[in-house]
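Structure record follows, encoded as structure tokens.
Residue numbers (the numbering used here), protein chains in the order written: chain A, 1 to 632; chain B, 633 to 1242.
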């Protein structure tokens, strides 16, 4: 009931709309007239996904167009599926939404989510009213396998899986169980200890500082203390204080260790030596880094984008846009100026899924109020759809505050989208395994283990078992065994959620129209032509205030065409500036004012009966065209 | 230097006039500049190039295709000391050639400290690449002839890209109908009076006025939006009044021509439309970044512009922060090489853009020297070169009056046309004539004696900078026999060069950043500093103790330790690597020890133990 009321509230705030901007309830939940296998693991490999994309492009030639935006480092095509109705105009004549999955090598469920989105969209065109309207009036650019090379290595990681090549994987399957899992070794300087609740689970060392738990390094130098507050926030595109790129550092407060040295472990990827220490609590990473590349150190695809890029960012690479796949995407996105939103799908492991917003390292009020308000609103929609999922950024993240990451994660895609391009972006994180047994809407590690034990015959997580290592002595092998990032019912729910949310976002685009067109004769052989333009969409034609600030906005251009006459004065082509969208003026003035229109006029020398056409365009707001016959 | 003839100047680093008013300041000469190992400016052998090698009077300069042909020729002629690398293509597909210059017999290029030198970033600044064409010719011709050049090439590597923007350079050097390669549809302005040159138009608004109005020769534009030959749409500036032949109206609205000097990744400014779509979006700039970051031995990046006419000057980082924002050790290095420049080019100065806001106060981002320093932790530097005329009064600067005098007396006034009346379709009765418009400005080109002097000077300065590189040396290699028959071998290593092995404190800051986190720390920070490593190989025995190789960390250079300790007479700071060798039962035993550091070269010594 509460959810229904909330949805009603949403609809009323956003206003009734012919364009379905309150389309929470417009998309029929459970409309799954497509078959999709959410139980398959490992997910399809590159060849199969490529083939399916090609099949879909052939099956739906009017609305699907498959392109390659470049080659990966290993020479694979980076596929992009462009979905729009070719009969209503070319893709670049409509507002565009960019969606990518599997940007991080291991976050392979992104490709499934993206493929599900593509399949369902194509299958319900002409059937679902909202989908049809959106495909007619928007363009979707979807890259299911951004890091195709890394995704391939991830999905062939284990000897038990098809396509496994041992020399392309870190570590090896010492105990012959078919999986490259983990080895733990007692180590007084180790970062890990066993969970008191389930011996299979290893927890990272924490220490308490004045009642607050923080992650802590256990290096010999105990004063090395990670706190994002102690680090200088750097890398904004505007020039700041004199020493903005020098770290300030704070003295560490006294800490008390919780776990005695004799109970600590170091964990490594199962293998012939200790080359691959596991230092990340991310389940799916499992000692194999989330990035691609045989170079050392490897580049993280989500640290290589140019906004707030730092040379001292782990995984930042030699310079921004050095990764060929990221570079290819940047060329595509910057050439397609109609793109107004970027949706970058990830799969971080947390008990509850969330979505991250730009700027990752800034307080919310760093953003212009109008832009901030936009994220608050779509965050509210995300929460409503997701049953309580939150929207956040690193600045306010619990993990960051707990010192998990210090001041890392610069050079991310969504920050680039907002800071350098002035378009909106979101980075949803979503693991989807296990079950919410207790119904509290959090799926903890214990619930994942229970699902593993009860539903999956325990196959995804091994107990620690002694093993005589060739060089390291007695070790214990265990840990996650090729556990997927998403599977079964939770994956179906999550894919459905993103599908609906994306359609909602697509609906928020600016929408430029010629509301009316008129002409009057002002003198012998001279007419004034007046076009009243309207933005019928939710976002302003400039998309974000940021775009105005960085001068990357695409203003409205209006052009008059006349065959038998000429334009007097200003010129046939006029720059009509911008028109606010509902987001701006409703927020400012409530329902009482309407700032959605603007007038442009021309003077022409022509005779009665001449035909005059007006065409208007704004890159991210689409186009419109009307013709009028001069009379009188 | 006053603006000549009132026409628009082209912007360089800051959008201000390239003809800056000169400040003849007092030069602080640091005695350390000319020292034992740093290259003395006066030590070079004179170079008189043949016509094939270099022609100081050639104008217009050679077109990109001809330059590439010559570079290929040189690579074939001097294979032992130069290799041409095809590092990428320009946006229109022209080859970008990078010349790797070193004596390959003493080691691969990457095994020695390297200087990256480039020019042509601003295509309107036409003299820049010419300085590097001279540099290459002289370096190759004088190897084996000039001991200083030989010494430098034996122990350093130059990576030279003469022209980073050949597509636009082609346009710049074909801008008059009388010049080969001219294409009317690609050039601004118009040769209204058919004399073969785009010169200037002048008229008086009012016959009673003293001052003329000036515009480059051409028709006035009346449309708001234009597309230039490179496909970029821009709003016309009514000040230029040039007619740009439209190809088509572009509906994307505002796109502006990218400035190659704003496309590097450090402090890249999105709101500067000249910065390009994203950092390193330009294929030429991307090629530079890729090449430079692949070569760990590069310790200096020298980027040549050509804003100098009356005077030359240098640009140092940081463009957006005061000097004291930089670590004092790095700051000190810049002061020293600035002082050296002032000695070599008397009265010429160095400054950072932070101190010349030119009234805008805006962030200037994406410049190569800033990128080199902030992101790569190496020394980046920019040079504003160029010049013609004669310094008649020996003031160290060529004023506009001296330039005009030289033009008339030495050049027979050949770069200007007499003022002749013309009936302009829009302006009415005007005169056409004056200096020919060129991309660099409406004044005589940089040729002649001033170029002879300045290209020579630039060459000496680059050699001087190269001489400052870090150089690891084994200063002592000793062994001691132990009671149990093994030998303890000690190698004392020091840095014989002026710059430390880490090059800048900034590099240490990047690599030693406390930004390293525990989780995800396996995604290591990509180091920009490379410590010295010592290796040993034994003939007639084996190592029983001591790692091979040993990381002995960094070694400070003379700039650091002499400044710190000169007064106290300290010894040269060194570090020691130690091993224990067990000899075979019988026979001779010897060891070979090698020290190397990516930016500091290497050294080898052998020692017989028995």
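Heads up, the beta-carbon is just placed ideally off N, CA and C, and yes, glycines get one too.
Determine the chain B residues that contact residue i at a beta-carbon separation under 7 Å, and present them in chain order.
i, result
"residue 309 of chain A", "897"
"residue 552 of chain A", "902"
Checking the sheet assignment: what are the DSSP bridge partners for residue i?
i, result
"residue 747 of chain B", "B:790 and B:932"
"residue 693 of chain A", "The requested residue 693 of chain A is not part of the displayed model; chain A covers only 1 to 632."
"residue 1171 of chain B", "B:1222"
"residue 982 of chain B", "B:946"
"residue 608 of chain A", "DSSP, once it has assigned bridges, lists no residue as partnering residue 608 of chain A."
"residue 140 of chain A", "A:83 and A:97"
"residue 1119 of chain B", "B:1113 and B:1213"
"residue 1235 of chain B", "B:1227"
"residue 269 of chain A", "A:182"
"residue 369 of chain A", "In the DSSP output, where bridge partners are listed per residue, residue 369 of chain A has none listed."
"residue 562 of chain A", "A:612"
So with CB distances below 7 Å, who are the chain A contacts of residue i?
i, result
"residue 910 of chain B", "306, 321, 330, 334 and 420"
"residue 1007 of chain B", "311 and 319"
"residue 1142 of chain B", "311 and 312"
Just the chain A side, please: which residues come within less than 9 Å of residue i by C-beta, in chain order?
i, result
"residue 900 of chain B", "237, 306, 307, 309, 320 and 420"
In chain B, what lies closer than 8 Å to residue i by C-beta?
i, result
"residue 549 of chain A", "903"
"residue 316 of chain A", "1157 and 1158"
Applying the criterion that 16 or more other CB atoms from any shown protein chain within 10 Å of the CB defines a buried residue, is residue i buried or exposed?
i, result
"residue 387 of chain A", "exposed"
"residue 495 of chain A", "buried"
"residue 86 of chain A", "exposed"
"residue 349 of chain A", "buried"
"residue 629 of chain A", "exposed"
"residue 1235 of chain B", "buried"
"residue 1182 of chain B", "buried"
"residue 563 of chain A", "exposed"
"residue 396 of chain A", "exposed"
"residue 28 of chain A", "Caution applies to residue 28 of chain A, whose pLDDT of 42 falls short of 50 and renders its modelled position unreliable; the value that the coordinates give is listed next. Result: exposed."
"residue 746 of chain B", "buried"
"residue 345 of chain A", "buried"
"residue 623 of chain A", "buried"
The ligand COA heavy atoms versus the CB of residue i: any closer than 6 Å?
i, result
"residue 363 of chain A", "Ligands in the displayed structure: none, and consequently the ligand COA is not present."
Using a cut-off of 9 Å between C-beta atoms, extract the partners of residue i located in chain B.
i, result
"residue 324 of chain A", "Per Cβ cutoff of 9 Å: no residues; residue 324 of chain A is ~10 Å from chain B at best."
Interface residues of chain A around residue i at Cβ under 8 Å?
i, result
"residue 925 of chain B", "318, 319 and 322"
"residue 921 of chain B", "318, 319 and 322"
At a Cβ threshold of 7 Å, is residue i touching chain C?
i, result
"residue 1180 of chain B", "Reference to chain C is not applicable here, since the protein chains of this structure are A and B."
Contact between the region 831–846 of chain B and the region 1087–1095 of chain B (3+ Cβ pairs under 8 Å): As far as the Cβ criterion goes, the region 831–846 of chain B does not touch the region 1087–1095 of chain B, which means the pair count is below three.
Beta strand (DSSP E) runs wholly inside the region 504–530 of chain A, at least 3 long, in chain order: If we require 3 residues or more, the beta strand (DSSP E) runs fully inside the region 504–530 of chain A come out as 512–523.
Segments of 3+ residues assigned as beta strand (DSSP E) that fall wholly inside the region 994–1041 of chain B: Runs of the beta strand (DSSP E) inside the region 994–1041 of chain B: 1011–1016.
Complete runs of the beta strand (DSSP E) confined to the region 405–474 of chain A [at least 3 residues]: For the region 405–474 of chain A, whole beta strand (DSSP E) runs of length 3 or above, ordered along the chain, are 424–429 and 461–469.
Cβ contact (3+ pairs, closer than 8 Å) linking the region 90–107 of chain A and the region 130–142 of chain A: The region 90–107 of chain A is in contact with the region 130–142 of chain A.
Cβ contact check for the region 1131–1142 of chain B and the region 1005–1013 of chain B: 3 or more pairs under 8 Å: For the pair of segments examined, the region 1131–1142 of chain B was found to touch the region 1005–1013 of chain B: the number of CB pairs separated by less than 8 Å reaches three.
At least 3 beta-carbon pairs within less than 8 Å: the region 159–170 of chain A vs the region 49–66 of chain A: Segments in contact, no.
Stretch pair the region 927–945 of chain B + the region 436–448 of chain A: three plus CB contacts closer than 8 Å: Cβ pair count under 8 Å is below three, so no.
At least three beta-carbon pairs within less than 8 Å, the region 112–130 of chain A to the region 496–516 of chain A: Segments in contact, yes.
Inter-stretch contact at 8 Å, needing at least 3 Cβ pairs: the region 510–519 of chain A / the region 457–466 of chain A: Output reads no: the region 457–466 of chain A does not touch the region 510–519 of chain A.
The region 1206–1214 of chain B in contact with the region 1111–1127 of chain B per 3-pair CB rule at 8 Å: Yes, since at least three Cβ pairs between the region 1206–1214 of chain B and the region 1111–1127 of chain B fall closer than 8 Å, the two stretches touch.
Sufficient close CB pairs (3 or more, under 8 Å) joining the region 730–737 of chain B to the region 1045–1065 of chain B: In short, these stretches do not touch, since the Cβ pair count stays below three.
Segment contact flag, the region 179–188 of chain A with the region 472–484 of chain A, C-beta cutoff 8 Å, min 3 pairs: Taking 8 Å as the limit for Cβ pairs, the verdict is that the region 472–484 of chain A does touch the region 179–188 of chain A.
The region 940–951 of chain B in contact with the region 1029–1040 of chain B per 3-pair CB rule at 8 Å: These segments touch.
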